[in-house]
Structure formats: C-alpha cells, structure tokens
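Sequences listed follow chains P and E, in order. Here full-length UniProt numbering is used: the first residue of the first sequence is 1, the next is one more, and so on. Here full-length UniProt numbering is used: the first residue of the second sequence is 1, the next is one more, and so on.
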Amino acid sequence: MTDIEPDETVDARGAACPGPLMDLIGQIRDAEAGDVVRLLSDTDQSLTDVPEWAEEAGNELLAVEEFDDHNAFYVERS
Amino acid sequence: MTEHVVIVGGGTGGTVLANDLADRLDAELDAGDVRITLVNDGPDHVYKPVWLYVPFGQREPDDGRRPLDELVDDAVDLRIDRVSEIDTEAQRLRFDGTAPAVDYDYLVLATGSTLEPERIPGLVDGGYDYYSEVGSTALRDELLEFTEGHLVLSVIGTPHMCPAAPLEFVFMADDWLRERGLREDVDITYTYPIQRVHGNPHIAEWARPIMDDRGIEVETFFNAESIDPEAKTITSMEGTELDYDLLVTIPPHGGIDLIEEAGLGDNGWVDVDKHTLEAQAVDNVYALGDTADTGVPNAGSVAHYQAGVVGQRLASEVRGRPPTATYDGKTLCFIETGMDAASFVEFDYENQPSPAPPSEKLHWSKLAYNDSYWLTARGLL
Ligand SMILES: Cc1cc2nc3c(=O)[nH]c(=O)nc-3n(C[C@H](O)[C@H](O)[C@H](O)COP(=O)(O)OP(=O)(O)OC[C@H]3O[C@@H](n4cnc5c(N)ncnc54)[C@H](O)[C@@H]3O)c2cc1C
C-alpha cells in the first residue's frame, strides 16, 4: 500500500487496451506540473505500457499497487 | 397509453434506429401505442466518411449531405432543434430558444463526436483536418498548392472517429503524390500517441511495414502539446519537436456537454453496459454510436449494428416483454491503402482483427458501400 494522495484518479477498469494508457495521457494532459494522477487498470498490458510512456514523457511513475483484479499506477506530471 | 421514444441525433446511428423502429413497430405506431420522435440540430443528415476523399478531389462535401426528411420514415416525427438539457428525473428534454420541452418514456442518445481543436494551443490556426466539412475543403485547397516540403499527420485526440482514417490518409497522400510525380519532394511523417502506429496491436502490426515500405516516417509516443503556427512547429508532451510545412491533425474529440451535465458520463461519452447499451446511471436511457462508451471504435458500422440492437430492445420494451438483444462488439471497417487499393477488417469483443491483403476489389467495395450508404440510412440495407 502507498500513502500517496493522488490529485486525480482515472478509472480505466473494463477499458480494452490501449484505453487505459490513452486515458492516463488524457488526464496528465490536463494536469498541472507536480500533480499526481492515479490510473486504475485491469489490463496486464498497462504494466509495460505505463512505465514505458512515463519514461518517454519524463513523468515519474511513483508507485504501482497490485490488487487481485487490477493495478493502480501513480504518475506525477513533470 | 402512448409510449414516447425520443432519439437525439440524426446521424448514422439515430437515423438507422428511427427507420428500424418505424418498420419494427409498424402495427404499434398505427394503433397509437407508440410515438417516435427524432431530434437533430440541423435539417440535413451528414455522412462523414465522404470527407476522407474531399482533400484529394474525389468527392464533394455535398455528396455526404441529404435532407433528413427524405431519409426518415413518415411515421417518425422529425424535429429540427438543438437539445440543451436532459432531465433524466423528469424524463424531459429542453431545447435551445423557445421550443417547448418534450417528455420521453425512452430516450436514445446518438449525438456523435464533436471536434475540440481549441484544447491544443495553436491548433486552430496551425492545423488542417478532414474531420469536418470546412476542414476537408480547406485542406483540399492547401493540398492542391502543396508541391514540396514536410507533410505531418498527427493523431492528437483519442478516442476519435474512424480509427483507420489517419492511416488511410497517409497511405492515400503517399499514392496521390506519387501519381502526380511529387512524392520525392514531399516528406510524410505520421505521429501517434502510444508506442505503435494504431491502437489495435493487430492493425498496428499490419500497417507498420507498409509505412516503412512507402517511406512514411513514424513518430510514436507523440502527444501534441502545442503548435506554433508562425514557426511551423509541433511539440509533443514527450518533448519532441517537429518542423512542418503542412500540418494535418486528428483534433481532440469529445461528446456534447449536456451528457456530462446530466451525470451520464465523462467528456460527453455516455457510460453504458457494453452489451445492452443501456445507460449505467439512469433507467430508460440508451446510447449508441460514438457517444456510447463501449471501448469499440467510433465508426459508422458500429452505430449501424448498435441501432439494430437498440431497435430490438425498444420494440420488446414497448410490447411489455423483457428485452434480450445484445451487442457483441461487431465492427467492420474498410481501410484504404492507396488511391486504388484497400484492406478490410472485421472484429468484435471476442475476436481480434486480421486485415485482409489490400486489393482493388476491396477499394471498389468501400466506394460501393459509401454510395449505397443512403439505403442503409433509410433502413433498407
Ligand atoms: C473522415 C471520416 C471518415 C470516416 N470513415 C468511416 C468509415 O469508413 N467507416 C465507418 O464505419 N465510419 C467512418 N467514420 C466514422 C463515422 O462517421 C462515425 O463514427 C458515425 O457517424 C457515428 O455515428 P453517430 O450516429 O454516433 O454520430 P453522427 O453520425 O456524428 O451523428 C450525430 C448527430 O447528432 C446531432 N447532434 C449532436 N448534438 C445534438 C444536440 N444537442 N441536439 C440535437 N442534435 C444533436 C449532430 O448534428 C449529428 O447529426 C468516419 C468519420 C470521419 C470523420
């Protein structure tokens, strides 16, 4: 568990790939520098997609929480 | 008691549904058990796929317009007004201006996608598009003058209408410029938001080698942040800057605001059960086509299939029987790979697409489908 307080949460559970990554990008687009966005996704693809994009875009992936049926990604807008 | 079914949006989904219901509920309409109203904010039905061909001089915008009253069954009440508020508690719609409110027993939202270029600084002045009637004619005029330089096609908004259309545009531009002997003087770059050239991995895997073969440069993980129309540059959130001479984009898309205001979903997309197409938030409301958030492509074929499902479900409801028809995610799409060849894909929630080898026959099938579209809208095909 993490105690990071997200500024925004995107619940992309149920969205087919690449929905969750697109949804995260959309939310980060509207976020201010320093804001933390939490993405909830139940596709395994997000485990590779999200870190790859965060690195490419220079945003920090602060934490990944793994739950039984989904994962939560905390990304900070640089 | 007369049940009132109100459909908002006279585009592909709404028009096919209105005609489907007029046919299906023929007896109930005659008996006065049901009334069907189709509301659209303009007198014409607009068929958007035509716009892909306008920049290349192959179609005129008027080819994609017909008066709704020529397409819609006489048993349907057609109302030309813009809905300004959806009150799901009172089951009432309000309109712009002084038009009287309308009560519904069943509401179907088929309000499609709206372009939101103003969300990207510089885009309104710096970019062209073929996702609107005016955009497609402005791009045609610009393309006719364009004989050398860097053509950049940037996919900005997702979800956007017709996920295949950005690929089609670069394939067609490549071929069109070759035919005119200009390709050597024009560089083409295609940018996409994620790590591949298309959202669907199977279509991306198929398209990428064709792009490489045809010398179409690719920038992935490119999410346009701003455009400088003076300097002619486009910069991504990932920090890449591209110079362009002609910028064509797929602008950000959204649904209409009143959907969010009514608490039906975010960004104007209605949260629906992806099988029944019923709104998650309230009863007696369906959504179909682009505005229904099912995760499948925003495509006319999808709106068409979904209209059949909603038509069957509403007919059951009106007859007092439990509705059983469901949507299985069926999507069908022709993909132009040049000026005289096309591929074809078909998929659903369970089955992935496998693009057919491009052929001239498939290209003519796409054009034939577009021309016979008016029979589809009428509910005949
Ligand atoms: C360039 C291009 C090429 C395309 N090519 C293809 C293709 O080859 N194959 C394919 O399957 N799809 C294609 N599409 C996608 C297809 O056109 C759309 O997915 C389809 O039109 C969606 O249908 P719809 O009924 O959801 O919405 P639309 O057809 O967009 O209709 C929505 C209607 O609602 C009306 N409306 C909106 N708000 C209100 C309001 N408040 N009050 C009253 N009326 C309102 C609008 O005016 C419009 O008439 C293409 C799209 C584009 C832009």
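Just so it is clear, CB atoms sit at the ideal spot from N, CA and C, and this is done for glycine as well.
Proximal chain P residues relative to residue i, where beta-carbon distance stays under 7 Å
| i | result |
| --- | --- |
| PRO251/E | None at all; the shortest Cβ gap to chain P is about 13 Å. |
| GLY199/E | PRO18 |
| GLY295/E | ALA15, ALA16, GLY19 |
8 Å Cβ cutoff, residue i in contact with chain E
| i | result |
| --- | --- |
| GLY58/P | yes |
| ILE4/P | no |
| PRO20/P | no |
| GLU76/P | no |
| ARG29/P | yes |
| ALA15/P | yes |
Listed by chain order, chain E residues near residue i by CB distance under 8 Å
| i | result |
| --- | --- |
| ARG38/P | Result: empty, since nearest Cβ-Cβ is about 15 Å, beyond 8 Å. |
Other residues of its chain near residue i: CB distance less than 7 Å, five sequence neighbours each side excluded
| i | result |
| --- | --- |
| ALA99/E | ASP81 |
| PRO67/E | PRO43, ASP44 |
| GLU179/E | MET339 |
| GLY19/P | ALA12 |
| ALA165/E | LEU52 |
| ASP243/E | HIS150, LYS232, THR233 |
| HIS275/E | THR326, TYR327 |
| THR2/E | GLY32, ASP33, VAL34, ARG35 |
| GLY311/E | LEU17, ASP20, LEU21, ARG24 |
| LEU78/E | LEU38, LEU68, ASP69, VAL72 |
| LEU314/E | VAL5, LEU21, TYR106 |
Environment of residue i [buried if 16+ CB atoms lie within 10 Å]
| i | result |
| --- | --- |
| ASN59/P | buried |
| ASP68/P | exposed |
| PRO51/E | According to the sequence shown, residue 51/E is Trp rather than Pro. By the 10 Å Cβ count, TRP51/E comes out buried. |
| GLN27/P | buried |
| TRP53/P | buried |
| MET1/P | exposed |
| VAL39/E | buried |
| ALA15/P | buried |
| ALA22/E | buried |
| ASP20/E | buried |
Counterpart residues of residue i in DSSP-defined beta bridges
| i | result |
| --- | --- |
| SER41/P | ASN71/P |
| ASN40/E | ILE80/E |
| LEU93/E | ILE86/E, VAL102/E |
| VAL152/E | THR189/E, LEU247/E |
| ARG196/E | DSSP, once it has assigned bridges, lists no residue as partnering ARG196/E. |
| ARG66/E | HIS45/E |
| TYR327/E | Its beta-bridge partners do not exist; DSSP assigns none. |
| LEU332/E | GLU346/E |
| ALA287/E | LEU109/E |
Closer than 8 Å to chain P by CB, residue i
| i | result |
| --- | --- |
| ILE234/E | no |
| MET237/E | yes |
| ASN284/E | no |
| THR158/E | yes |
| PHE347/E | no |
| PHE221/E | yes |
Contact set for residue i: own chain, Cβ-Cβ below 6 Å, skip 5 residues either direction
| i | result |
| --- | --- |
| VAL302/E | VAL296, THR331 |
| LEU123/E | PRO117, ILE227 |
| TYR192/E | VAL155, THR220 |
| VAL248/E | TYR128, LEU153 |
| PHE347/E | THR331, PRO353 |
| PRO229/E | GLY122, ASP125, GLY126 |
| LEU29/E | ALA75 |
| ARG183/E | LEU177 |
| LEU264/E | VAL270, ALA279, ALA281 |
| PHE344/E | PHE334, ALA356, LEU362 |
| GLY300/E | THR12 |
Neighbourhood of residue i by C-beta, 8 Å cutoff - its chain only, sequence neighbours within 5 removed
| i | result |
| --- | --- |
| GLU260/E | ASP266, ASN267, GLY268 |
| ALA31/P | ASP7, GLU8, VAL37, ARG77 |
| THR240/E | GLU219, PHE222 |
| GLN91/E | ASP103, TYR104, ASP105, LEU107, ASN284 |
| ASN298/E | SER113, PRO159, HIS160, MET161, CYS162, PRO163, HIS253, GLY289, ASP290 |
| SER372/E | LEU381 |
Closer than 7 Å at the beta carbon, the chain E residues around residue i
| i | result |
| --- | --- |
| GLU8/P | Chain E residues near GLU8/P: none, gap ~12 Å exceeds 7 Å. |
| GLU52/P | GLN195 |
Chain-ordered neighbours of residue i on chain P, where CB pairs are closer than 8 Å
| i | result |
| --- | --- |
| ILE256/E | Going along chain P, no residue has its Cβ under 8 Å from ILE256/E, so there is no contact; the nearest lies around 18 Å. |
Using a Cβ-Cβ cut-off of less than 7 Å, give me the residues of the stretch 97–120 of chain E that come near chain A, in sequence order. This model lacks chain A altogether, as its protein chains are P and E.
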